[in-house]
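Below: one structure, written as structure tokens.
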DNA sequence: CTGAAAGCGCTTACAG
DNA sequence: CTGAAAGCGCTTACAG
């Protein structure tokens, strides 16, 4: 069933060279190292290329210099407010660098990264950005064996074994927890996603737990609830919680869960924050507009995405020594309407 | 600053051939047309490839057969619930087809599509999916000149000039409007995004307007409000509206705007649906979980994404006659809690 | 079923 | 500053 695509009229470097009256070597230089081509020659080449509607075949060049101008991005999910801003800013910034984004999602299943990485390597990516620090050995080895630079994004850990750009999830967890504790809450529930293979969720939870411990509070086991990543699940679990044994505050592992929790309170006619305080983590699009506005800690997703794009391009161009590329992006806490002092 | 990436230890087809004791031609066949290679030979080659950790260079093959195994996807925005499910399902399905997604967003600016398409063509995409039917001539010509198949996704129009897979936005607009009219509402406001260069929004609005006209109702000019694409803007504009001159129903161009409108009602203490009915279009993730649940018409985004992936792969493999590839995906109306009969 | 050889569209030392 | 030529890692007729 395979067909061979015709080149049709599409002109190549040969046609451009002929029209400009130069060799193909000079045409190539005019694009890649314009400073090495005499002004008038360059102009003639550019005109010829324009007239013919020439579009370079970068993949042909890749064969030679090993750069495809393509960067891989693997996220846990696309269908979720969590990474939307990150993906958008990362890919837009790459376009500014004349790079293109090859995107894939692993569906929160790290085993999926093996075939994805293979698929990306077959397309000769110049570098790759992976969300988080939890990854299997195999894909990491496949990448480093081929000298493909890796950047981990979203989570920042000082002792990370791969260069990372992101925020301190540990700190995010403790910030919101301390806020709740400072408001005098003692009966607190945690609504956190599964932490296996998810360093972001794990660090947040650890940070939250540590803040609890530091305060001397003792949180009973049943107050630590594992909750799926979607609004509907969070809403259902929270309604159950409200019916069984409502706490005075709920600390949510992210804003998506917090949104579900707030909807649950609406559904059960429990006023937020009068009867119950709710905090999220992330500050996703829409969190500030909710009623009540969600108290949360902001991950500056666009900043992280942009930085990561700059860094991965830089790494691919210069070769790299991982360590100096790690960067911590500060968090911002927003005290909006969804929490209040316990009275 | 350019460095040359070493191949390092990464084995190529030559090494695999040597280890398997065959020619590189046979190795190539074993991957591309396995049925042409004798069983035992194939096994030896597969073992050799595995042992060496061989990863094909598809870009080298592209040079010859013109297929990169890469498909472009241009959406108006990534940072938005609107296209999240579409992107996720499209790219996941492409991965099943052993294709990879090159993603880019145009920020609702069609002029951006020229550099984006150029960038994708330089990477030798095998096909491209574009959201909507409004596009400039230039990028479309660039693509068809190079025989790159195009599929328009999200909007379906019978007389579209490019093959399209999506739902009837016209119908979506009329469905929600008729629902509101059937509930007895007469004082209705429209909250629609800018319709220039946006066929989806335009069709929805036309469908809504037609339903209004068919009912004999006369909608005053000031009831037709243009509203930005984000929750915050929608909330602000709706609050203004509620203060100035509240209608009994608001028809929103999409669920994002509807979400903002509902939050505005919460903020102004106007109960939905008791005092005001609100409908959206789209049924994005989260719309069913809101309080009240959003009455809206569902675009089956995952179905569209999956279908589009199948079709574009098919088009790239078989050559194509555009017309038979168009497909209309039915809408589903959900009457949830945000609307009620006027009394 | 398998191999030797030409060639895909570029880039890059190497000369000049 | 420019050109002729080799070569990047594959695929594909063409022979055998």
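Chains as they are written, first to last, in my numbering: chain A, 133 to 475; chain B, 133 to 475. All residues carry an ideal CB built from backbone N, CA and C; glycine is no exception.
Quick one: list the residues of chain B neighbouring residue i, beta-carbon separation under 9 Å, in chain order.
{"i": "residue 392/A", "result": "418 and 421"}
{"i": "residue 471/A", "result": "What residue 471/A touches in chain B: nothing, since even the nearest Cβ is about 17 Å away."}
Which residues in chain A sit within 9 Å of residue i, going by Cβ to Cβ distance?
{"i": "residue 186/B", "result": "Simply none; closest approach about 10 Å."}
{"i": "residue 201/B", "result": "251, 254 and 255"}
{"i": "residue 158/B", "result": "Those within 9 Å of residue 158/B in chain A number zero; the least Cβ separation is about 19 Å."}
Assign residue i to one of two classes, buried (16 or more other C-beta atoms within 10 Å of its C-beta) or exposed (fewer than that).
{"i": "residue 155/A", "result": "exposed"}
{"i": "residue 196/A", "result": "exposed"}
{"i": "residue 350/A", "result": "exposed"}
{"i": "residue 170/B", "result": "exposed"}
{"i": "residue 134/B", "result": "Note that residue 134/B scores 42 on pLDDT, short of 50, meaning its location in the model is unreliable; the coordinates nonetheless yield the value given after this. It is exposed - the Cβ of residue 134/B has fewer than 16 other Cβ atoms within 10 Å."}
{"i": "residue 149/A", "result": "buried"}
{"i": "residue 264/B", "result": "buried"}
{"i": "residue 189/B", "result": "buried"}
{"i": "residue 290/B", "result": "exposed"}
{"i": "residue 345/B", "result": "exposed"}
{"i": "residue 300/B", "result": "buried"}
{"i": "residue 362/B", "result": "buried"}
{"i": "residue 443/B", "result": "buried"}
{"i": "residue 462/B", "result": "exposed"}
{"i": "residue 159/A", "result": "buried"}
{"i": "residue 367/A", "result": "buried"}
{"i": "residue 376/A", "result": "exposed"}
{"i": "residue 281/B", "result": "buried"}
{"i": "residue 207/B", "result": "buried"}
{"i": "residue 176/B", "result": "buried"}
{"i": "residue 473/A", "result": "exposed"}
Using the beta-carbon of each residue, which ones in chain A are nearer than 7 Å to residue i?
{"i": "residue 211/B", "result": "216, 217, 220 and 417"}
{"i": "residue 309/B", "result": "The premise fails here: residue 309/B is roughly 25 Å from chain A at the closest Cβ pair, so nothing lies under 7 Å."}
{"i": "residue 142/B", "result": "277 and 278"}
{"i": "residue 380/B", "result": "In chain order: nothing, as chain A lies at least about 21 Å away."}
List, in order along the chain, the chain B residues whose C-beta lies closer than 8 Å to that of residue i?
{"i": "residue 227/A", "result": "236, 247, 248 and 251"}
{"i": "residue 327/A", "result": "Correct list: empty, because the minimum Cβ distance to chain B is about 23 Å."}
Counting only Cβ pairs nearer than 8 Å, list the residues of chain A close to residue i.
{"i": "residue 223/B", "result": "210, 235, 236 and 237"}
Which parts of the stretch 195-220 of chain A are runs of the beta strand (DSSP E), unbroken and 3 residues or longer, counting only runs that do not cross its ends? Taken in chain order, the complete beta strand (DSSP E) segments of 3 or more residues contained in the stretch 195-220 of chain A are 202-207.
Kindly confirm or deny that the stretch 229-236 of chain B and the stretch 227-246 of chain A touch, where touching means at least three C-beta pairs closer than 8 Å. Contact between the stretch 229-236 of chain B and the stretch 227-246 of chain A is present: 3 or more CB-CB pairs across the two stretches fall below 8 Å.
Residues of the stretch 357-374 of chain B with a CB closer than 7 Å to any CB of chain A: list them in chain order, please. Using a CB distance below 7 Å, the part of the stretch 357-374 of chain B facing chain A consists of 363, 364 and 367, ordered along the chain.
Residue ranges of each alpha helix (DSSP H) run of no fewer than 4 residues wholly in the stretch 300-339 of chain B, ordered along the chain? Runs of the alpha helix (DSSP H) inside the stretch 300-339 of chain B: 301-314.
In chain order, each beta strand (DSSP E) run of at least 3 residues that lies wholly inside the stretch 226-277 of chain B: Segments of the beta strand (DSSP E) lying fully in the stretch 226-277 of chain B: 232-237 and 259-263.
Pull out every residue of the stretch 171-197 of chain A whose Cβ sits closer than 8 Å to any Cβ of chain B, in chain order. The stretch 171-197 of chain A vs chain B, Cβ under 8 Å: 185, 187, 188, 189, 190, 191, 192, 194, 195 and 197.
Any 3 or more C-beta pairs closer than 8 Å across the stretch 305-325 of chain A and the stretch 260-279 of chain A: The stretch 305-325 of chain A makes no contact with the stretch 260-279 of chain A; the number of CB pairs closer than 8 Å stays below 3.
contact_flag[the stretch 193-211 of chain A, the stretch 173-180 of chain A] where n(CB pairs < 8 Å) is 3 or more: These segments do not touch.
Just checking, does the stretch 314-328 of chain A make contact with the stretch 375-386 of chain A on the three C-beta pairs under 8 Å criterion? Contact annotation: the stretch 314-328 of chain A touches the stretch 375-386 of chain A, with at least three C-beta pairs closer than 8 Å.
Members of the stretch 268-293 of chain B near chain A, C-beta cut-off 8 Å: Those residues of the stretch 268-293 of chain B that come within reach of chain A (Cβ to Cβ, closer than 8 Å) are 274, 277, 278 and 279.
Count the C-beta pairs between the stretch 330-337 of chain B and the stretch 284-299 of chain B that are closer than 8 Å, then say yes if the count reaches three, no if not. These segments touch.
Near-chain A residues of the stretch 383-415 of chain B (beta-carbon distance less than 9 Å), N- to C-terminal order: For the stretch 383-415 of chain B, residues whose beta-carbon sits nearer than 9 Å to a beta-carbon of chain A comprise 388, 391, 392, 394, 395, 396, 397, 398 and 399.
Would the stretch 369-383 of chain B and the stretch 428-446 of chain A be scored as touching if the rule is three or more Cβ pairs under 8 Å? Taking 8 Å as the limit for Cβ pairs, the verdict is that the stretch 428-446 of chain A does not touch the stretch 369-383 of chain B.
What are the complete alpha helix (DSSP H) segments, minimum 4 residues, inside the stretch 368-445 of chain B? Entirely contained in the stretch 368-445 of chain B, the alpha helix (DSSP H) runs reaching 4 residues are, in chain order, 387-399.
Okay, do the stretch 400-420 of chain A and the stretch 241-259 of chain A touch, 3+ Cβ pairs below 8 Å being the bar? Judged by pairs of C-beta atoms under 8 Å, the stretch 400-420 of chain A does not touch the stretch 241-259 of chain A, as fewer than three such pairs exist.
Closer than 7 Å between beta carbons: that is the criterion. Which residues of the stretch 421-437 of chain B meet it against chain A? Residues passing the 7 Å Cβ filter: 421, 422 and 423.
Does the stretch 456-475 of chain B come within contact of the stretch 415-431 of chain B, defined as at least 3 CB pairs closer than 8 Å? Taking a contact to require three or more Cβ pairs closer than 8 Å, the stretch 456-475 of chain B and the stretch 415-431 of chain B qualify as touching.
Specify whether the stretch 238-252 of chain B and the stretch 219-227 of chain B touch according to this definition: at least 3 beta carbon pairs, one from each stretch, less than 8 Å apart. As far as the Cβ criterion goes, the stretch 238-252 of chain B does not touch the stretch 219-227 of chain B, which means the pair count is below three.
What are the start and end residues of each continuous alpha helix (DSSP H) run of 4 or more residues lying completely inside the stretch 159-186 of chain B, in chain order? At a cut-off of 4 residues, the continuous stretches assigned as alpha helix (DSSP H) that sit fully inside the stretch 159-186 of chain B are 171-184.
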